[in-house]
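There are 4 protein chains.
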Amino acid sequence: MQVSSCPSGRQAPFTVARRALQCRAVAAPAATAATAGKSTEQVRVAVLGASGYTGEEVVRLLSLHPTFKVTALTGDRQAGKEFSEVFPHLITATDVPSLCKIDDVKWDGVDAVFCCLPHATTQVVVKDLPQHIKVVDLSADFRLRDVNSYAEWYGGEHKAVELQKEVVYGLTELHREAVKKARVVANPGCYPTSVQLPLVPLIEAGLILTEDIIIDAKSGISGAGRSAKQNLLYSEATEGINAYGVTKHRHMPEIEQGLEDAAGKPVRISFTPHLMPMTRGMESSCYVKMAPGITVADLRTCLEAKYKDEPFVHLLAPGSTHHVRGSNYNLINVFEDRIPGRAIVISVIDNLVKGASGQAIQNMNLLFGLPEETALLQQALFP
Amino acid sequence: MQVSSCPSGRQAPFTVARRALQCRAVAAPAATAATAGKSTEQVRVAVLGASGYTGEEVVRLLSLHPTFKVTALTGDRQAGKEFSEVFPHLITATDVPSLCKIDDVKWDGVDAVFCCLPHATTQVVVKDLPQHIKVVDLSADFRLRDVNSYAEWYGGEHKAVELQKEVVYGLTELHREAVKKARVVANPGCYPTSVQLPLVPLIEAGLILTEDIIIDAKSGISGAGRSAKQNLLYSEATEGINAYGVTKHRHMPEIEQGLEDAAGKPVRISFTPHLMPMTRGMESSCYVKMAPGITVADLRTCLEAKYKDEPFVHLLAPGSTHHVRGSNYNLINVFEDRIPGRAIVISVIDNLVKGASGQAIQNMNLLFGLPEETALLQQALFP
Amino acid sequence: MQVSSCPSGRQAPFTVARRALQCRAVAAPAATAATAGKSTEQVRVAVLGASGYTGEEVVRLLSLHPTFKVTALTGDRQAGKEFSEVFPHLITATDVPSLCKIDDVKWDGVDAVFCCLPHATTQVVVKDLPQHIKVVDLSADFRLRDVNSYAEWYGGEHKAVELQKEVVYGLTELHREAVKKARVVANPGCYPTSVQLPLVPLIEAGLILTEDIIIDAKSGISGAGRSAKQNLLYSEATEGINAYGVTKHRHMPEIEQGLEDAAGKPVRISFTPHLMPMTRGMESSCYVKMAPGITVADLRTCLEAKYKDEPFVHLLAPGSTHHVRGSNYNLINVFEDRIPGRAIVISVIDNLVKGASGQAIQNMNLLFGLPEETALLQQALFP
Amino acid sequence: MQVSSCPSGRQAPFTVARRALQCRAVAAPAATAATAGKSTEQVRVAVLGASGYTGEEVVRLLSLHPTFKVTALTGDRQAGKEFSEVFPHLITATDVPSLCKIDDVKWDGVDAVFCCLPHATTQVVVKDLPQHIKVVDLSADFRLRDVNSYAEWYGGEHKAVELQKEVVYGLTELHREAVKKARVVANPGCYPTSVQLPLVPLIEAGLILTEDIIIDAKSGISGAGRSAKQNLLYSEATEGINAYGVTKHRHMPEIEQGLEDAAGKPVRISFTPHLMPMTRGMESSCYVKMAPGITVADLRTCLEAKYKDEPFVHLLAPGSTHHVRGSNYNLINVFEDRIPGRAIVISVIDNLVKGASGQAIQNMNLLFGLPEETALLQQALFP
């Protein structure tokens with residue numbers, strides 16, 4: 001039985017033959033992977049929409065995974081190409097299949113799907129996947145429980161309303177137990193990840209008010225994807241900053257959903273994202289009012305208690321995106337504001353890792369009963 | 001009489017002889033410059049502390065000035081060097097004197113001083129300058145009217161308390177008439193410039209409340225100066241962002257002073273600056289509450305009325321620091337927030353130009369009765 | 001008579017009314033501009049293909065020009081838009097017309113054309129312009145005297161063979177007298193400018209051999225233009241370097257043409273351009289063999305003699321692109337190589353200024369009898 | 001018995017307690033590590049000079065190593081600090097000891113030393129290490145076999161002349177067998193690694209001439225180290241390129257030594273490094289003459305044969321430093337030049353990984369009989 005779940009691709013010209021040397025044990029045939037959950041056996045993974053940054057990032061991170069083996073990569077417009085034609089840096093990765101069309105994937109040879117397709121497209125694809133496949137969806141399609149809210153913010157009726165009901169929102173540290181039992185996980189957006197991790201515990205504990213939460217967020221440019229757009233050109237984007245999507249960013253209802261769950265009541269936030277000249281990284285500066293009598297020390301104690309056993313969430317002064325680049329970590333800090341009764345909570349992640357593909361693998365590890373941090377303990381690339 | 005007010009410097013080796021070609025008319029002898037104010041005659045300018053970025057920027061911008069002629073550049077540790085040894089890009093500038101010690105300047109050959117010295121040092125130097133010299137001070141030393149506030153934030157007693165009383169705070173668009181009559185102008189800080197230009201008119205008009213003003217600001221790295229510090233190294237600063245000086249930045253009392261003047265009562269703000277990977281540029285995102293019944297349209301109308309005849313302040317959607325790089329412009333925009341009753345005001349400047357040396361020249365132009373925009377109409381360098 | 005040579009455009013919404021304040025004297029009616037050459041009267045300028053970087057750069061630089069007045073901007077796909085919609089930073093420029101279609105330009109109201117159209121298109125457009133108009137063409141269409149060479153490198157027959165014969169190649173410092181008498185000037189490419197300025201005098205003087213000239217060049221990304229391409233995205237282009245177009249770059253025959261003219265015999269060069277993460281700037285490192293008995297001191301003496309009276313060419317150690325950013329200067333240095341008999345010549349320019357729009361204005365100044373450096377003496381923007 | 005070989009450091013304030021979760025099995029006591037070479041047991045590692053970039057990079061990469069355990073980190077001026085005070089991003093790393101003075105290291109608890117000290121200092125330190133310790137030295141001190149050459153290029157007599165004789169130069173792919181038997185390995189410089197990997201096999205095979213080898217190299221700024229210097233400041237280094245150390249760079253004799261070994265005769269090269277605005281990455285463009293009758297296809301065949309079984313050396317078109325960022329790979333390509341008989345060889349590495357710390361670990365793996373690629377198969381971080 002072939003390892004690849006895609007038809008065979010052609011060999012890239014002028015390249016040295018791929019090596020047998022690997023860090024992962026690929027000796028065992030993939031045929032037995034249906035019994036996944038036992039970490040000694042392989043899980044056969046398909047990445048749908050692999051020609052974008054989140055798809056690439058799943059492949060990059062899985063290159064160090066001992067159990068998950070990428071056996072299919074889809075990219076409809078790039079079908080037939082070697083993956084290294086689309087992402088030349090991965091010419092050094094071993095055993096990566098070439099790209100195929102999604103319709104050509106043999107689903108019975110697939111145990112797990114990372115779905116990196118655009119929103120709207122995703123609903124239909126995920127809905128039609130065989131039930132034996134576990135799915136982490138990186139699109140926005142299943143993040144909003146309220147399908148009417150989806151329709152309002154994403155401009156179209158939801159096409160998988162029934163499936164939506166069983167999907168689990170996979171902000172791992174906050175919904176771990178539900179994720180473990182899920183078949184389909186909606187992977188959170190990058191901004192919502194960076195904001196909910198610090199704010200949800202504080203709201204649940206009643207330490208901060210839900211009125212007048214103001215979030216000034218800054219994202220690296222990779223968050224805008226790989227499509228060629230003029231405003232994302234190097235010469236246009238380097239050496240400057242600008243706000244965008246002011247009051248209209250689609251991550252806003254997702255953040256509000258999470259904060260409302262924590263508060264048990266409606267929440268309206270102020271959220272202003274900025275695009276800045278860095279490839280990776282996201283910083284959310286959250287300006288909040290504390291409940292009467294509460295101090296910054298209370299906030300810090302709460303977060304330390306909440307996250308002290310978590311592998312990926314740390315408290316650190318002062319919190320720079322430099323310190324999470326390429327890693328799955330979230331660094332949080334809390335400061336007393338000059339205005340009495342106010343606090344400033346600063347949270348940083350790598351938008352492509354903890355904000356997307358890293359957290360997706362974190363969730364998929366849980367779906368297959370593996371240690372959550374498998375393949376995710378790379379330290380940040382600094383400098 | 002010699003043109004230079006500094007002792008003659010040595011010639012840099014291996015360089016082509018300086019050219020006679022110039023855009024400015026340097027025909028008239030500088031001897032008559034004491035009658036400055038008549039734009040056909042030269043004003044002899046000394047730049048004190050010229051080895052830093054704000055000093056350099058004054059020299060760069062004055063290379064296109066028809067009246068101001070740089071005749072002395074001081075830099076105590078670099079004295080004796082050609083200016084182009086310190087700033088190689090200015091080897092192409094004509095007639096720039098070499099650096100000398102401040103004690104070696106012949107003050108009777110100087111009509112105007114741009115003081116770019118560090119704070120604390122500045123007070124004593126400016127206090128001792130001859131009275132015939134007009135001064136724009138780019139340090140923080142004379143910005144705070146309250147010398148006790150100065151002592152608190154800058155860590156030392158003020159040493160020129162009498163002079164402080166006559167100094168005019170030179171946020172040109174807001175204090176133009178006072179600047180025209182001044183002898184010594186305290187040039188505003190970069191953050192205070194970017195914040196006060198949009199907020200002061202709104203507060204004066206009673207359109208926004210002074211409670212809960214939250215300012216999330218982002219600065220280019222040149223704002224941290226030219227001293228070699230590890231955190232400013234390219235490898236440490238590129239491709240990432242971090243907050244710094246949270247609630248403790250020295251520009252905070254300067255901003256509050258301006259807003260208090262506008263409000264006629266004490267104001268406490270939340271101010272969080274971020275250091276980000278760009279050389280020049282500053283963006284202040286200001287989150288404010290509107291007065292009851294006031295809308296964003298009212299805010300916009302107020303600002304348009306205030307600034308419609310100003311050469312350097314424009315309303316523009318959405319406001320990117322890319323669009324002011326190297327120029328003296330301030331671009332402002334106003335957005336309705338998602339939280340009812342709130343507005344978002346975004347203001348961008350080049351921290352070294354409108355935030356420092358450009359505004360200093362704007363003020364000096366006024367001190368000498370010249371058109372305010374002289375030498376300052378260079379468009380932004382984009383891309 | 002109206003000043004604009006384009007039909008009137010609509011006003012951008014929400015922007016402050018344009019100011020009357022200007023550094024240039026626009027008092028005189030443009031009607032008399034046909035008598036150009038007298039610098040006190042206006043020259044009416046059309047920029048064709050103004051939505052790209054070279055077009056923008058012409059407009060930016062002309063904002064400080066006392067004689068040239070932009071009265072038409074064309075951009076067929078953007079016709080009808082305010083220029084500041086296409087280049088928001090120029091919302092601060094006064095009196096810039098909106099974009100129109102090239103077919104809508106009223107040519108009798110135009111004295112001078114900067115042609116910034118793509119190659120191939122350009123030939124036909126320039127050929128059909130009325131004879132009273134002076135033209136500086138920034139495309140590659142008229143740079144190669146040999147139309148067969150053009151056909152080979154640019155993939156199509158030349159469509160203006162007769163016009164080609166009268167066009168003057170405008171590397172200003174080397175062909176100044178011919179430019180003065182021309183009607184149509186072919187503005188040199190950026191790489192050819194950076195290479196010919198140092199090498200042509202050395203070859204003409206017989207100081208270096210024409211065999212084994214090896215040029216390793218590095219360009220800022222703006223040189224690739226403003227079209228949205230994946231490899232030019234910030235996230236793809238930042239923080240890395242790569243060679244491109246190895247042995248196949250179209251500037252190669254242009255460089256060889258210039259060196260052959262200097263040598264009086266055929267020349268084959270090695271030329272490898274690199275794309276690197278900076279917006280502006282170009283560095284050409286030229287590795288050359290010296291003629292027997294010649295030393296690096298001879299090379300330096302030759303270049304100093306050649307360029308000592310030039311406003312824009314300087315010898316400087318060591319030569320960084322940082323020092324020419326945004327300016328029209330060319331900095332050159334010469335080093336002795338470790339291999340005996342060899343020298344290293346390093347030349348830096350801003351690819352958009354001396355490598356394109358700045359030199360175009362330099363040439364246009366000559367065409368109208370103006371001082372060559374008019375509007376071009378801005379110093380480099382550093383830092 | 002304590003795991004750390006350094007005295008205990010204080011705990012950083014306000015940080016969550018370190019986690020037990022680890023990817024590496026640290027269960028076994030380090031006490032048995034003297035029997036290193038058995039990969040199931042730990043090797044206790046000291047990193048000397050750990051406060052610089054190469055030291056940090058060793059620590060970062062070893063966080064994924066199953067056998068090597070960092071038990072001592074020295075930094076004389078930072079002694080007593082938590083490592084995460086010096087490198088905040090490594091607050092997320094588990095079990096990293098705090099910094100101590102080199103004199104406080106207990107050498108009998110150390111099996112392996114990565115020496116990241118400055119040159120000159122290194123000789124004395126390494127000479128005095130106990131003989132049971134295996135050493136990879138990342139400084140330049142033992143790279144030049146000829147101690148006179150060392151004295152000439154590094155400005156001082158060599159102080160460990162005897163030790164020099166037994167040290168093995170560790171360009172792994174070229175000297176693997178010697179490395180395996182060594183006790184002290186001199187880890188190659190970054191430029192010499194990038195140049196020798198492609199050129200040595202071509203010279204050994206007689207395919208290229210050793211005359212007129214011209215190397216134009218470009219390095220990321222991290223190569224200049226972590227000391228605060230003005231020319232390395234973000235604002236000075238971003239958005240520009242410059243050559244430096246022309247004909248005088250200390251890596252030149254190291255490159256010549258390697259090429260001379262391959263050629264069996266003296267070799268003089270032309271070598272010009274450039275500093276460019278990227279943190280990591282190095283590109284060497286090598287311009288070479290082929291032997292009579294040899295073609296580019298011959299060069300390519302030679303390199304493919306040489307490296308086809310190597311895990312870290314790949315042939316790839318065209319070769320961008322983006323594609324090796326953060327990884328231990330070397331990508332090489334070969335192009336036919338326009339000048340007949342010439343070829344262009346382009347080689348890219350990450351200067352801090354294959355050019356320093358990654359190759360050091362590769363060598364240390366060999367010294368302890370481990371698979372060479374252990375902990376080094378992270379793919380490049382792109383985008």
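Chains as they are written, first to last, in the UniProt record's numbering: chain L, 1 to 383; chain D, 1 to 383; chain W, 1 to 383; chain S, 1 to 383. Here a beta-carbon is modelled for each residue, glycine too, at the ideal position from N, C-alpha and C. In this text, all values refer to a predicted model and were calculated from it rather than measured experimentally.
Beta carbons nearer than 8 Å to chain S: which residues of the segment 247-258 of chain W have them? T247 and M252
Indicate whether S/T247 and S/G281 have their beta-carbon atoms separated by less than 8 Å. no
Please list, in chain order, the residues of the segment 279-308 of chain S that have any C-beta partner in chain W closer than 7 Å. T279, G281, E283, S285 and Y287
At a cut-off of 7 Å, would you count W/N231 as near the ligand SAM, judging by its Cβ distance to the nearest heavy atom? Looking for the ligand SAM in the displayed structure turns up nothing, as the structure carries no ligands at all.
Bridge partners - W/S347, DSSP secondary structure assignment: W/S284 and W/I332
Of all the options L/A112, L/R176 and L/V184, which has the alpha carbon lying nearest to the alpha carbon of L/L197? L/R176
Taking a contact to mean a Cβ-Cβ separation below 8 Å, would you say S/C116 touches S/V135 in this structure? no
Using the beta-carbon of each residue, which ones in chain S are nearer than 9 Å to L/A380? R60, H89, L90 and T92
I need the DSSP call for L/L366, collapsed to helix, strand or coil. helix
Taking 8 Å as the threshold, find out whether the segment 84-102 of chain W comes into contact with the segment 46-55 of chain W through three or more Cβ pairs. yes
State the beta-bridge partners of S/N148 as determined by DSSP. Looking at the DSSP assignment, S/N148 forms no beta bridge with any residue, so it has no partner.
Taking CB distances under 8 Å as the criterion, tell me whether S/S219 reaches chain D. no
Environment of L/L366 [buried if 16+ CB atoms lie within 10 Å]: buried
Measure the C-alpha to C-alpha separation of W/L331 and W/E173 and round it to an integer number of angstroms. 14 Å
Interface partners of S/A243 on chain W, CB under 9 Å: E283, S285, P318, G319, S320, N333, F335, I344 and I346
Where does S/L377 sit, in a helix, a strand or coil, going by DSSP? coil
State the DSSP-derived secondary structure class of residue 405 of chain S, mapped to helix, strand or coil. With chain S represented from 1 up to 383, any question about residue 405 of chain S goes unanswered, as that position is not in the structure.
Listed by chain order, chain D residues near W/Y234 by CB distance under 9 Å: Going along chain D, no residue has its Cβ under 9 Å from W/Y234, so there is no contact; the nearest lies around 11 Å.
Strictly below 9 Å CB to CB, what residues from chain W border L/P277? Y234 and T238
For S/S84, which three-state DSSP category applies? helix
L/T238 versus W/P292: straight-line alpha-carbon distance, rounded: 47 Å
Taking 8 Å as the threshold (C-beta atoms), are W/H119 and W/A140 in contact? yes
Contact set for D/K180: own chain, Cβ-Cβ below 6 Å, skip 5 residues either direction: L366
Who are the neighbours of D/T71 on chain C, taking C-beta pairs under 9 Å? The chain inventory of the structure shown lacks chain C, comprising the protein chains L, D, W and S.
Quick one: Cα of W/S149 to Cα of W/Q123, how far? 15 Å
Provide the residue span of the alpha helix (DSSP H) that contains D/T301, from first to last. V296 to Y307
Starting from W/S270, trace the beta strand (DSSP E) both ways and give me its first and last residue. S270 to L275
Given a cut-off of 8 Å on the beta-carbon distance, is the pair S/T343 and S/L299 in contact? Sequence inspection shows Ala at residue 343 of chain S; the Thr mentioned does not correspond to that position. Cβ distance < 8 Å, so S/A343 and S/L299 count as in contact.
Could you give the uninterrupted runs of the alpha helix (DSSP H) lying entirely in the segment 212-272 of chain D, keeping only those of 4 residues or more? 234-237 and 251-263
Nearest CA to the CA of S/V345: which residue from S/S284, S/Q378 and S/E373? S/S284
Could you have a look at L/V59 and say whether DSSP puts it in helix, strand or coil? helix
Would the segment 250-270 of chain W count as touching the segment 212-228 of chain W if we require 3 or more Cβ pairs under 8 Å? yes
Using CA coordinates, which residue listed in D/Q362, D/D337, D/P311 and D/L207 is at the minimum distance from W/T92? D/P311
Within chain L, the residues that D/I214 reaches when beta carbons sit closer than 7 Å: I214 and Y287
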